[in-house]
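Visitor: There's a structure below that I have some questions on.
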Amino acid sequence: MDGCFKISRNLIGILYIRGYHSSQSIVLNTFNRKSGKAIATEVVGFMGGAT
Numbered sequence: 061m062d063g064c065f066k067i068s069r070n071l072i073g074i075l076y077i078r079g080y081h082s083s084q085s086i087v088l089n090t091f092n093r094k095s096g097k098a099i100a101t102e103v104v105g106f107m108g109g110a111t
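Taking this note's numbering, I'd label the letters of the sequence shown as residues 61 to 111.
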């Protein structure tokens with residue numbers, strides 16, 4: 061699962077899953093379209109878990 065979407069005129073958000081096997085986190089990265097620089101990285105959720 062991943063996706064790229066426009067947040068505002070100058071911001072783009074990329075949503076993706078990070079991690080493998082039993083535990084993954086859902087991450088949202090925000091980028092400035094003009095400079096290409098990352099503004100923020102936030103973990104917005106988790107899937108799975110250790111047993």
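Ideal placement from N, C-alpha and C gives every residue a C-beta, glycine not left out.
Going by other Cβ atoms of all chains shown within 10 Å of its Cβ, with 16 needed for buried, is PHE91 buried or exposed?
Guide: Numbered from its first residue, the sequence shown carries residue 91 at position 31. Per the 10 Å Cβ criterion, buried.
Visitor: Less than 8 Å separating the beta-carbons of GLN84 and ARG93?
Guide: By one-based count along the sequence shown, residue 84 stands at place 24. By one-based count along the sequence shown, residue 93 stands at place 33. Cβ distance not < 8 Å, so GLN84 and ARG93 don't count as in contact.
Visitor: If you drop the 5 nearest sequence neighbours on each side, which residues of the same chain put their C-beta closer than 6 Å to that of GLU102?
Guide: Mapped onto the sequence shown, residue 102 falls at position 42. Here the set comprises LEU88.
Visitor: DSSP on ILE67, reduced to helix/strand/coil?
Guide: As a first step, residue 67 is located in the sequence shown; it is residue number 7 there, counting from the start. DSSP places ILE67 in coil when its eight states are reduced to three.
Visitor: For LEU75 versus ILE67, is the C-beta spacing smaller than 8 Å?
Guide: In the sequence shown, the residue the question calls residue 75 occupies position 15. In the sequence shown, the residue the question calls residue 67 occupies position 7. No, these two residues do not count as a Cβ contact at 8 Å.
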